[in-house]
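**Q** Counting along the sequence shown from 1, when you hit position 195 you're at 194 in numbering that gives the first Met the number 0, and nothing is skipped either side.
Note that beta-carbon positions come from the ideal geometry of N, C-alpha and C, so glycine has one too.
Please read all numbers here as calculations on a predicted model, not as lab measurements.
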Amino acid sequence: MSAPRRFTGDTLVIASHNSGKVREIAELLAPYAAHFTTAGALGLPEPEETGDSFVANAELKARAAASAGHIALADDSGLVVPALNGDPGIYSARWAGPEKDFALAMAKVEEGLAGKTDRSAYFVCALSLAWPDGHVETVEGRCYGTLVWPPQGEHGFGYDPMFRPNGYAITFGEMDPTEKHEMSHRADAFAQLVERCFQ
């Protein structure tokens with residue numbers, strides 16, 4: 000296996016049109032890149048996510064943004080529920096519909112779990128760093144927990160209010176965002192990526 004490629008540029012394109020996600024990524028990588036821009040700011044369209052895994056979709060988005068000439072970082076993340084055969088998985092955002100209504104998405108998950116005893120779940124975050132020459136470095140982070148109902152807490156986004164990480168008595172929705180950022184699936188993936196490409 001070849002040695003990982005290091006990030007040596009000064010500008011990093013964050014391949015996302017989600018302002019919350021862009022802010023979070025920029026904060027996490029601020030020590031390692033002098034300048035950040037986004038796919039949206041560069042006028043790049045959002046590519047259709049046609050991959051069959053988190054890794055495939057992250058790589059697809061990163062490559063599309065890197066085609067503009069800068070090193071680009073993309074993430075693809077979601078909730079995997081074993082009792083629902085892995086759903087919503089890569090379709091986590093789509094379960095919320097065009098209005099991005101995650102109350103609806105959480106209700107759909109709960110409906111699917113009716114009568115099932117296994118309420119385990121895990122969040123996955125795939126991060127992909129792509130260079131204009133086509134080279135890609137990708138990592139995947141996970142955070143395991145249990146699904147609770149009704150949803151609890153106002154913090155976080157997506158499925159956070161129904162996800163209680165293992166070892167905790169509160170959901171991501173109830174947790175202080177700083178604490179969540181230290182132990183989430185995204186934190187796991189970023190720790191791997193920083194070690195691999197930024198240190």
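1. Please confirm whether A61 and A14 have their CB atoms less than 8 Å apart.
2. Could you tell me the alpha carbon to alpha carbon distance between A71 and G114, rounded to whole angstroms?
3. Using only alpha-carbon positions, find the residue among A73, K20 and V21 that is nearest to E136.
4. Terminal residues of the continuous beta strand (DSSP E) containing S127?
5. Return the bridge partner residues of R163 from the DSSP annotation.
6. What residue does the alpha helix (DSSP H) around A104 start on, and which one ends it?
7. Taking the C-alpha atoms as reference points, what is the distance between E173 and M161?
8. How would you label E139, buried or exposed, when you count the other beta carbons within 10 angstroms and need 16 or more for buried?
9. Counting only the same chain and skipping the five closest in sequence on each side, list residues whose C-beta sits under 6 Å from that of S183.
10. How is H34 classed by DSSP in three states: helix, strand or coil?
11. How many angstroms separate the CA atom of G152 from the CA atom of S52?
12. Using the Cβ count rule (16 or more neighbours within 10 Å means buried), how would you classify D200?
13. Have a look at H134 and I24 and give me their C-alpha separation to the nearest angstrom.
14. Three or more beta-carbon pairs under 8 Å between the stretch 2-14 and the stretch 28-47, yes or no?
15. Which class does I169 belong to by DSSP, given the choice of helix, strand or coil?
16. Going along the chain, which residues of its own chain have a beta-carbon closer than 6 Å to the beta-carbon of E109, five neighbours each way excluded?
17. Which residues bound the beta strand (DSSP E) around D187?
18. Is P97 helix, strand or coil when you go by DSSP?
19. Note the first and the last residue of the continuous beta strand (DSSP E) segment covering V54.
20. Just confirm the distance between the C-beta atoms of A120 and L78, as a whole number of angstroms; I'd bet it's less than 8 Å.
**A** Taking the definition as stated:
1. yes
2. Approximately 44 Å between the Cα atoms of the pair.
3. The shortest Cα separation from E136 among A73, K20 and V21 belongs to A73.
4. S119 to A129
5. T145.
6. F101 to G111
7. As the crow flies, the alpha-carbon of E173 is around 10 Å from that of M161.
8. buried
9. A distance below 6 Å between beta-carbons, with the five flanking residues on each side excluded, links S183 to the following residues of its chain, in chain order: C142.
10. strand
11. 29 Å
12. It is not possible to answer for residue 200, since the shown part of the chain is limited to 0 through 198.
13. 21 Å
14. With contact defined as three or more Cβ pairs closer than 8 Å, the stretch 2-14 and the stretch 28-47 are in contact.
15. coil
16. Cβ neighbours of E109 beyond the five flanking positions: W148.
17. Counting along the chain, D187 sits inside no beta strand (DSSP E); it lies in the alpha helix (DSSP H) bounded by residues H184 to L192.
18. DSSP places P97 in coil when its eight states are reduced to three.
19. Looking at the DSSP string, V54 is not in any beta strand (DSSP E); the run it does join, the alpha helix (DSSP H), is F53 to A65.
20. 6 Å
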